[in-house]
Structure formats: structure tokens, C-alpha cells
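These notes concern the structure reproduced below.
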Amino acid sequence: MIRDISLELKRGEVLGLLGHNGAGKSTTLQLLTGCLHPDSGEISVCGVDLVHQPITAKAHIGYLPEIPPLYRELNVNEYLKYAARLRGIDSASVNAALALAKQRCGLNGVGKKNISILSKGYQQRVGIAQAIIHQPDVIVLDEPTVGLDPAQIRDVRSLIRELGDSHSVILSTHLLSEVESVCDRVEILHTGELVFSGTTAELDVRDGKTGNLEENFIRLTEQHEESI
Amino acid sequence: MIRLIAMRELRSLLVIPSTWFVFAVLQFIFAWFFLNALESFLDFQPQMTQIANAPGVTHVITAPLFNMAALLLMMLVPMFTMRLIAEERRNQTFALLLSSPLSSLNIVLGKFVGLLLFLILLMSTLPLMLYTLAPGTQLDHGLIFSNCLGLILLTTTYVSLGLYISALTTQPVIAAIGAMAVLVGLWLVDLGASTPDSPWHHVSPLHHFQSFNNGLLDSRDIIFFFVFSTIFLLLAMRRIDNNRRYG
């Protein structure tokens, strides 16, 4: 259950949604992408109400769920073209969109390979590629680096940073290092409620000293735990 | 969008080896029944010449062949409909459709049309088998047409029911068994109805296929198939919307 949450994302910003396992990060992202409907409250994407005009609003969103939604029987090109067409890219521009997404996600060599035989890292990249193929204004990534090796994590993080320059990105994670390296702002969720909202630098500082990210995160969640 | 989703469904079906296995086995069964019916016609042909208004070769072969196909589809269609939504949910691929700018109508109709096209392809060999007799005899095209139309309409009811049950669960096996149980249940209700004019006959799609099977195009049956399919497609759409609301 998620309650009393208010998030705002500006263009060209990377927002990190931080929290323990089960804090409500994935549920929040499912709400933001229209996979779930909120019982009450408002969600608007680029000024369009997601609940009342879902089709217009969703055209602005690219979403990578926690488990990438891959059709394993298709090859990478077929899958990405399908994802692009689903998001409203016309058939004339689909090849250009495919080439750009593959180039950005480092998928150039695997276009004709079946998704089922790709490694976990490549599958994750295909998942990111389907989220960005239609150049959405808002990119929502749910734990994008889970299960990747260190080199892949580095590549994905630099890709997210790059995407953050031209799009708005929300990513959920329970890794503090991820927040530190890619996010401009951070919101901490704990048992379905927002317990911190501010810049990464603000979370890092305590008593005038930096380098307290982990300590501050634990302190905030524990304080919230005690208050309930 | 409906066409896009339908084509993806069709493509996914055609690249899976098990689809081709089912295709092959089914063609073997169709061919076996066809040849069996043809053989019995040839055996009884001398006696038929003595009967006034004896049934023609088309009637003797087409009616049992399509009737058997209708029964086989009742078992087979749930195997395919289970994949439509339940398997997507289990594999977590449904999020792609839910987060795309699509309505539930697009999703449901796309999947419905995709599977229906595949099943039409699967059944297309039935009239082809009958037309192999054309060089040697006069065929009753009307009877073949009414059987083909009836079988397609019957398949739409099977697919729409299976699609709805697939939307109820995340377990494909439960979706398959559930759909089969309902279809067989409706058939048994029809078989078990005591009197010929019992209203229980009318709940079974297979009962409404019988007039097509005999070469009769009855608008009441066409309306039944249309209403039955529409109700279950609407229920499937509603189920997808409710899932967004209640998780």
C-alpha cells in the first residue's frame, strides 16, 4: 500500500526512488506508468492526466519493469520493432528508431539473435532499449542494474546519465552507490510512505560532513519505523 | 494496433516448435477421418443408389468431418488461449502492453484476432481435403461453405471464452483446464438435456453449430455466436481494467 506520496520530475533530471525491499518502489512505478490505477490522487505526465487520458499520457512514457518484458521467442530486432510500433512509431520511422536504440544500448551485434539465448546483461539492455526506442519524455526504470556484472553496471549507469541529459528519468533502486553516481535528486520510500525528498548532496551531508549517504539512509528509515 | 498485436501473436505461435507439432498431429487426424469417411461412402455407395434422395458424397463426408473438428477444437483451443494473457502475466511481459498507449479493447481484440487467424489457418485444410474430390464428382459447395462458416463462428466462441478465462489467472495450466471444463460442461448440458425442445440445448455453442453442419444458415445461431463472443470479450476487457485497479 502506498499513501501520501507526491513526486515531481523536471525535464532533464534523474530521480532516484530509494528504499528497502518491499518499500513500495515498484508499486509506485507501476502507478506512474499506468500498469496500476491509484485509488485516489492524481498522476500527470507532461501535463496530461494519466488516469483520465491514459492513451495520450502513456505515449510520453518508456517503462522497464523489474523483470524486462521480453518475448523470448522473438529476435532482438523483431521485439524492438514491435515495442516501437506499440508506442506509436509509424512504420516509416521504425528502422531509424531501432538503429538509434540499438546503438545507444550497445546491441548492434545481437539484432538477429533470439532473446532467449542472450545473457542476462544483454536481456537487460534489450529491456532498456524497448523503454527508450520511442524517445519518450519520461523514462521509468525499475532496478535497471539488478543481476548485471560490474562492467555492465558501469555501462548502464553511464547510459542512464546520458539519457538524463535529454529525457527525464525515474529509477528505483536499493543501491546507494547507484543513487550517488547517477541521480540528481532522491526520494526515499519506506513501508509505502515518503520519508525523504531532496538532492543527493543533501542526503549525503550530516553535521556539515559529506560521505554519510548510507548512515543517513538507515537513520531515516529507522526513524520512520519507530514513528509508526 | 489490433493488427500489430494480432500479427505478433501469430508470429510468436509460428516460431514455437510445439505449434507445428500440434499442426502436424491435427492434420493427421483430419486426414484419417476424411479418408475413413470416404471409404465408408465408397462401401455404401451401391446401396445408396437404391434409396430415393440418398445423401451425396459431400454430405456423407463433410458432416462427420466438421463435427469431429468441432469436438477436437473444444479440447485444442484452450491449449492456445491459455497463452494469451495468463502466460504473458506469468512471464511478466504483460507490463509492456499495459504501459503502452493502448486500450484494453486493442489488447483483447488483437489477441483474439491473432489466435483466430491461426486457427483458421489450422482448419483451412478441411475444405481443401474435400475439394480434392472435385475432379471426380459434383460437390455441394453450399454445404461446405455453411460448415466452414459454422466452424469459424464456433471457434470465435471458444477463443473468446478461453481468452476471458486466461485473463482470470496467472497460471496458464489453470486457464487451459478452466476453459476446457467450461466448454465440455456446456456440451454436457446440451447432451444431458432430456427433451429435444429443452432450453438447455441453447447454452451450448456446439448445439448451435449443428444447423451449420447440416447446411442450414440460421440467423438465430449466428446471433448466438456473436452475442456469446462479444460478452466474453467484454468481460476479458473488464477483467484487464479491474486488474489495473486492484492489482
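Chains as they are written, first to last, in my numbering: chain C, 56 to 283; chain U, 433 to 679.
Here a beta-carbon is modelled for each residue, glycine too, at the ideal position from N, C-alpha and C.
Which of helix, strand or coil DSSP assigns to residue i
i              : result
I122 (chain C) : coil
H75 (chain C)  : coil
T254 (chain C) : strand
E97 (chain C)  : coil
N579 (chain U) : helix
I461 (chain U) : helix
N523 (chain U) : coil
S223 (chain C) : strand
D197 (chain C) : strand
H245 (chain C) : strand
N130 (chain C) : strand
T83 (chain C)  : helix
D41 (chain C)  : Missing from the structure shown is residue 41 (chain C); chain C here goes from 56 to 283 and no further.
N169 (chain C) : strand
V454 (chain U) : helix
R652 (chain U) : helix
R142 (chain C) : coil
T228 (chain C) : strand
V106 (chain C) : coil
L549 (chain U) : helix
R286 (chain C) : Limits of chain C in this structure are 56 at one end and 283 at the other, which puts residue 286 (chain C) out of reach.
I584 (chain U) : helix
R677 (chain U) : helix
I483 (chain U) : coil
G117 (chain C) : strand
R66 (chain C)  : coil
Check whether residue i and residue j have beta carbons under 9 Å apart
i              : j              : result
K360 (chain C) : T228 (chain C) : No information on residue 360 (chain C) is available, as it lies outside the stretch 56 to 283 that chain C covers here.
L586 (chain U) : P637 (chain U) : yes
T88 (chain C)  : V195 (chain C) : yes
L528 (chain U) : P109 (chain C) : no
I287 (chain C) : G247 (chain C) : Since the displayed chain C opens at 56 and closes at 283, residue 287 (chain C) lies outside it and no answer follows.
L595 (chain U) : F644 (chain U) : no
A518 (chain U) : S598 (chain U) : yes
Y177 (chain C) : V165 (chain C) : yes
Q179 (chain C) : G161 (chain C) : no
D622 (chain U) : V605 (chain U) : no
S536 (chain U) : K113 (chain C) : no
Y590 (chain U) : L615 (chain U) : yes
T276 (chain C) : V250 (chain C) : yes
D239 (chain C) : L84 (chain C)  : no
L571 (chain U) : L565 (chain U) : yes
S282 (chain C) : R66 (chain C)  : no
L670 (chain U) : L91 (chain C)  : The sequence given here places Arg at residue 670 (chain U); Leu does not occur at that position. No, they are not a contact pair.
L503 (chain U) : M433 (chain U) : no
R641 (chain U) : N499 (chain U) : It is worth fixing the name first, because residue 641 (chain U) is Phe in this sequence and not Arg. In this structure, N499 (chain U) lies closer than 9 Å to F641 (chain U) by Cβ.
V131 (chain C) : H115 (chain C) : no
M514 (chain U) : V454 (chain U) : no
I243 (chain C) : F272 (chain C) : yes
L497 (chain U) : S578 (chain U) : no
L72 (chain C)  : L86 (chain C)  : no
Selected residue, minimal CA-CA separation from residue i, among the options
i              : options                           : result
L600 (chain U) : U:M433, U:L649 and U:N675         : U:N675
I493 (chain U) : U:M507, U:D475 and U:V509         : U:D475
H75 (chain C)  : C:E235, C:V100, C:C101 and C:L231 : C:L231
V659 (chain U) : U:S598, U:L593 and U:N646         : U:L593
L508 (chain U) : U:S626, U:S578, U:H633 and U:L551 : U:L551
D204 (chain C) : C:L135, C:P191, C:M56 and C:K175  : C:K175
L470 (chain U) : U:T569, U:T589 and U:L505         : U:T569
F462 (chain U) : U:I483, U:L505, U:H491 and U:I672 : U:L505
F466 (chain U) : U:I609, U:T490 and U:A668         : U:T490
G647 (chain U) : U:F455, U:C580 and U:T627         : U:C580
N169 (chain C) : U:M433, U:I448, U:F498 and U:I654 : U:I448
D220 (chain C) : C:D59, C:V69, C:P120 and C:R274   : C:V69
E233 (chain C) : C:T255, C:E63, C:V260 and C:D59   : C:T255
N523 (chain U) : C:E128, C:R212 and C:G67          : C:E128
G574 (chain U) : U:S661, U:V457 and U:A495         : U:A495
M561 (chain U) : U:F460, U:M433, U:T588 and U:N485 : U:F460
E280 (chain C) : C:A78, C:L214, C:L72 and C:S61    : C:A78
Sufficient close CB pairs (3 or more, under 8 Å) joining the segment 187 to 202 of chain C to the segment 147 to 160 of chain C = Yes: at least three Cβ pairs fall under 8 Å.
Evaluate the contact criterion for the segment 543 to 558 of chain U versus the segment 140 to 155 of chain C: three or more CB pairs, one atom per stretch, below 8 Å.
-> no
Is the number of C-beta pairs between the segment 130 to 140 of chain C and the segment 435 to 444 of chain U that are closer than 8 Å three or more?
-> Contact holds: three or more Cβ-Cβ distances are below 8 Å.
Closer than 7 Å, Cβ to Cβ, to anything on chain U: give me those residues from the segment 87 to 110 of chain C, in chain order.
-> T88, G89, C90, L91, H92 and I110
Short-range partners of chain U found in the segment 143 to 168 of chain C, where Cβ spacing is below 8 Å = G143
Taking a cut of 9 Å between CB atoms, which residues from the segment 549 to 578 of chain U lie near chain C?
-> Cβ contacts with chain C: none found.
Could you please tell me which residues of the segment 509 to 538 of chain U, in chain order, have their CB closer than 8 Å to any CB of chain C?
-> N523, Q524, T525, F526, A527, L528, L529, L530, S531, S532, P533, L534 and S535
When Cβ atoms are compared, which residues of the segment 183 to 194 of chain C fall closer than 8 Å to chain U?
-> Q185
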